[in-house]
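Per this note's numbering, the sequence shown starts with residue 462, numbered consecutively.
Glycine included, each C-beta is placed from N, C-alpha and C at the ideal position.
Predicted model, so just to flag it, every value in this text is computed and none were measured.
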Amino acid sequence: MALSTTVPELGEPIDLRGLVRDVPDFPKPGILFRDLTPLMRDPRGWKEVVRLLAGVCAQLRPDLIVGIESRGFIVGTALATAVEIGFVPVRKPGKLPGQVRAVDYSLEYGHDRLEIQHDALAGGPRVLIVDDLLATGGTAAACAQLVTEAGGDLCGFGFVAELADLGGRSRLPGDHPVESLIVYA
């Protein structure tokens, strides 16, 4: 997808990458953190993010958006509202009421767990998983596994940004489209 696009009603190009702040040495020395909060703070930029992701929805036609805790909630609810479909959160342990389904997964620094309400994907809806950033892919891959185990029909992934050199895309199921609006090589 294009990094600089035109917003039809404004006629001005939006440079999404230019709205992302680079923070060196965060959270530890040697890491270059891509801070998306300035992009989220910019109403025209954020509107363009939602518009572009809505285009992904138009192609993939999901019934539900699944957002990964926590910034995936921001992206996912905005997108679900824009395309007028439901939103389902995938959360860290102990955050959802009632019965849940869970998946444990490995990270480069340890283990983690994701949960979804047991009946959230009843009836086998088509699901688009969204998050703010695709890095190593572990969390998104675990979410895909959870969606499938919970009865959802995974139709693809949508990310605002991707750190391609970390190889996260290769950890995702290869038979599903992965769309990233901003790709850092």
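- In the three-state scheme derived from DSSP, where H, G and I count as helix and E and B as strand, Phe487 is classed as coil.
- A straight-line Cα-Cα distance of about 24 Å links Gln578 and Leu595.
- If you draw a straight line from the Cα of Asp636 to the Cα of Val484, it comes to about 34 Å.
- Beta-carbon to beta-carbon, Val608 and Leu582 are separated by about 7 Å, close enough to satisfy the 8 Å threshold.
- Counted as a single uninterrupted DSSP element, the beta strand (DSSP E) harbouring Val561 occupies residues 561-568.
- In this structure, Leu497 keeps its C-beta atom at 9 Å or more from the C-beta atom of Val591.
- Ranked by Cα distance from Ala603, the options Asp614, Ala515, Asp573, Gly612 are led by Asp573.
- Looking from the CA of Val639, the closest CA among Leu500, Gly619, Arg632, Leu624 belongs to Gly619.
- A direct Cα-to-Cα measurement between Tyr566 and Val549 gives close to 20 Å.
- The alpha carbon of Lys556 has as its nearest neighbour, out of Val510, Glu530, Gly491, Pro634, the alpha carbon of Glu530.
- Spatial neighbours of Leu568 in its own chain (CB-CB distance under 7 Å, excluding positions within 5 residues in sequence) are listed in chain order as Gly599.
- CA-to-CA, the gap between Lys553 and Val564 works out to about 10 Å.
- DSSP places Val644 outside any alpha helix (DSSP H); the residue lies instead in the beta strand (DSSP E), whose first and last residues are 639-645.
- Pairing Arg587 with Asp626 gives a Cβ-Cβ distance that is not under 9 Å.
- Collapsing the DSSP output to three states places Asp636 in coil.
- Taking 3 residues as the minimum length, the beta strand (DSSP E) runs contained wholly in the segment 582-638 are 587-595, 614-624, in order along the chain.
- Annotated three-state conformation of Pro474 is strand, per DSSP.
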